[in-house]
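Report on one structure; see the data block that follows.
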Amino acid sequence: MSEERDAPLAGVFGWPASHSKSPALHGHWLKRYGIRGWYLPLPVRPEDFAEVLKALPRMGFVGANVTMPHKAEAFRMADEATPLARRLRAANTLILREGRIFADNTDGFGFIENLRQNSPEWSPAAGPVTVIGAGGASRAVIAALAEAGAPEIRLLNRTLANSEELQRDLDLPLKLLPMEKLSEALEGAALAVNATALGMAGGPPFDLDLSALAPGILATDLIYAPLKTPFLAAAEKQGARIVDGLGMLLHQARPGFAAWFGREPEVDEELRRAVLEAA
Ligand code: NAP
């Protein structure tokens with residue numbers, strides 16, 4: 122790297138991008154490990170994304186995270202992709218090397234690592250998993266759960282056609298159920314996951330009946346604003362162990378940081394606090 126470019130650049134693409142917690146997250150790690158580098162919010166319109174991406178290597182960028190609505194386009198633009206990113210046809214992490222773009226998808230990794238860290242007694246093979254929601258994040262979570270050895274995955278979604286499309290694309294033996302069958306889907310499950318937007322700050326209100334959720338089950342939400350979502354509060358009331366969604370965000374960031382800045386970062390309480398305190 123020339124003198125002009127002695128501090129590697131990375132950032133998060135989104136439209137919008139200003140709400141992203143990623144600059145606070147990576148900024149905290151850069152400071153903690155004393156690494157000279159920058160991580161910036163990169164608000165880019167969908168119609169400009171491809172052009173901007175092509176210019177990145179010439180600007181000293183070593184990589185980027187990608188959030189809504191660019192994940193599919195980021196995958197299409199990449200020169201190479203991990204098998205998982207190919208399977209999901211979406212990327213959230215880009216690594217730039219010698220002018221080439223490598224795409225990865227680390228959302229599923231973040232999901233599993235969050236549960237491993239915060240509920241060490243749980244294992245993916247512990248029993249059936251009930252996933253509510255069949256959007257982009259759900260795809261990553263389901264692929265990761267299947268890969269990690271979940272014996273049965275029950276998928277519920279408002280729009281059944283979206284569940285069917287997910288099943289087709291991932292080519293997995295899922296048990297598809299309509300939302301009305303939630304009680305049945307929770308029977309004997311070891312893990313329940315909310316992967317819908319229900320209960321998100323500013324999103325649709327949470328209106329699911331969790332009365333069939335048995336004590337001892339592990340429940341987690343992908344939403345982290347608010348931290349204790351209505352889904353987690355209702356599950357806790359039923360006697361479930363709960364893990365919030367912030368850890369998924371923190372852990373999905375690890376592979377990118379390690380590749381760009383050359384250091385395996387840690388996810389701990391100090392990082393959580395720094396990210397929560399960031400405006
Ligand atoms: P998405 O692709 O837009 O999917 C949204 C999901 O919510 C779909 O299953 C959709 O059902 C369902 N939904 C939306 N409104 C609903 C309503 N009124 N009633 C019932 N279902 C409804 O979004 P996504 O990217 O998968 O994200 C889902 C959530 O995960 C978001 O809250 C996001 O912030 C969070 N997330 C967290 C992380 C993390 O690191 N913790 C990472 C990624 C995403 P239909 O198919 O019927 O529309």
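Mapping of the sequence shown onto our numbering: residues 122 to 400, in sequence order. Beta carbons: idealized from backbone N, C-alpha and C, even for Gly.
Return the bridge partner residues of T214 from the DSSP annotation. N186, D225
Give every residue of the same chain whose Cβ lies closer than 8 Å to the Cβ of A267, excluding the five residues on either side of it in the sequence, and list them in chain order. Correct list, in chain order: I274, L291, L293.
From the DSSP output, read off the bridge partner residues of W159. L130
Please list, following the chain, all residues that have a C-beta closer than 6 Å to any non-hydrogen atom of ligand 1. D228, G231, G254, A255, G256, G257, A258, S259, N278, R279, T280, N283, A316, T317, A318, L319, M321, P325, L343, I344, Y345, G366, M369, L370, Q373
If you measure between the beta carbons of G270 and A306, is that distance less than 8 Å? no
Provide the residue(s) that pair with N315 in DSSP beta bridges, ordered along the chain. I253, D342
List the residues that DSSP assigns as beta-bridge partners of N278. Answer by DSSP bridge pairing, in chain order: P299.
Cβ neighbours of F223 in the same chain (closer than 6 Å, five flanking residues each side left out): Counting only Cβ-Cβ distances below 6 Å, and skipping sequence neighbours, we find E201, I216.
Run through DSSP, which three-state label would G135 get? strand
Please report the straight-line C-alpha distance between E396 and R384, rounded to a whole angstrom. Per the sequence shown, the amino acid found at residue 396 is Val instead of Glu. Each residue's CA atom was taken as its position, placing V396 and R384 some 19 Å apart.
Got a sec? Which residues, its chain only, sit under 8 Å from M180 by beta carbon, not counting five neighbours each side? L130
At least 3 beta-carbon pairs within less than 8 Å: the region 313-327 vs the region 347-361: yes
On the DSSP bridge assignment, give the partners of A264 in chain order. Paired residue(s): none; A264 is not in a bridge.
I believe A361 touches L339 by the beta-carbon criterion, under 8 Å. Please report the beta-carbon distance rounded to the nearest angstrom. Contact check for A361 and L339: beta-carbon distance about 7 Å, within the 8 Å limit, so the pair qualifies.
To the nearest angstrom, report how far apart A313 and T227 are at their CA atoms. 20 Å
Might you give, ordered along the chain, the residues of its own chain that have their beta carbon closer than 6 Å to the beta carbon of T203, omitting 5 neighbours on each side? D225
Member of E194, T280, G184, G231 whose CA lies at the smallest distance from the CA of E219: G184
Please tell me whether N213 and Q359 are closer than 8 Å, where the distance is taken between their beta carbons. In this structure, N213 sits away from Q359, with a CB-CB distance that is not shorter than 8 Å.
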